[in-house]
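**Q**
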Amino acid sequence: MIDVVAFLIENFPDIHECPKGQDLGYMLENAGFDDEDIGEAIMCVELLNESPVLESQNLNSSQALRVYHDEEADALSAEIRGLLHFLHESGALNASQREFVVHALMHLPYDEMTLDKAKVLALLVLWAHRSELPVLIGDELMAVLHGKGVMQ
22 MIDVVAFLIE NFPDIHECPK GQDLGYMLEN AGFDDEDIGE AIMCVELLNE SPVLESQNLN
82 SSQALRVYHD EEADALSAEI RGLLHFLHES GALNASQREF VVHALMHLPY DEMTLDKAKV
142 LALLVLWAHR SELPVLIGDE LMAVLHGKGV MQ
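Just so we're aligned, residue 22 is where the sequence shown starts under the numbering used here, counting upward by one.
1. Using C-beta distances below 8 Å, list every residue in its chain close to L69, excluding the 5 sequence neighbours before and after it, in chain order.
2. Rounded to a whole number of angstroms, what is the C-alpha to C-alpha distance between L114 and E57?
3. Between the Cα of A52 and the Cα atoms of G42, F28, P40, which residue gives the shortest distance?
4. Please classify L97: is it buried, with 16 or more other beta-carbons within 10 angstroms of its beta-carbon, or exposed?
5. Tell me the DSSP secondary structure of F28 in three-state form.
6. Taking all protein chains shown into account, do 16 or more other C-beta atoms lie within 10 angstroms of the C-beta of A62, making it buried, or fewer, making it exposed?
7. The alpha helix (DSSP H) with K41 in it runs from where to where?
8. By the three-class DSSP mapping on this structure, what secondary structure does Y89 have?
9. Take D95 as the anchor and find which of F54, G112, M127 has the nearest alpha-carbon.
10. Please report whether the beta-carbon of G42 lies at a distance below 8 Å from any beta-carbon of chain B.
11. Which whole-angstrom value describes the C-beta separation of I30 and G46, a residue pair presumed to lie in contact below a C-beta threshold of 8 Å?
Right, here's the structure in full:
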């Protein structure tokens, strides 16, 4: 899915310019992506299209502590939870954006709930909400998107 997200970011300035549903599927298929990645991308784009666009001034509006339900704690590794905490505390993701990432991860098969997927989903949320991607995600994730390494 990393390649699909990179493709979307490079080809569309934001989620509103991106084709929807079946049109997105055809476009991604014609670009050479596999069915699994296309399905995941369509699901995430549809969920993002249904979520409200969040104003940038509300990025740190919630100071509440995020407590993970037992099912979430069992499914999401400590590294994933740590990443989400870091992104929220640093102001890169607001609470609603973080919850979107958790929700999307929980819809993936257990073996696909990886730190890399969490990073890509966070990037997708930032792109959808028109955040400043290079500033917020850093060089490491941009290198992964451009095929220059694996995120740690």
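Even glycine gets a Cβ: it sits at the ideal position worked out from N, Cα and C.
On a predicted model such as this, the values are computed, not experimentally measured, just so you know.
**A** To lay it out plainly:
1. For L69, where only same-chain residues beyond five positions count, the Cβ hits under 8 Å are I36, F121, L145, V146, A149.
2. 27 Å
3. Among G42, F28, P40, the Cα nearest to that of A52 is on F28.
4. Buried.
5. helix
6. Buried, by the Cβ-count rule.
7. Unbroken run through K41: none, as it is neither H nor E.
8. coil
9. M127
10. Within the model displayed, chain B is absent; a lone protein chain is all it includes.
11. Contact flag wrong, Cβ pair sits at about 18 Å.
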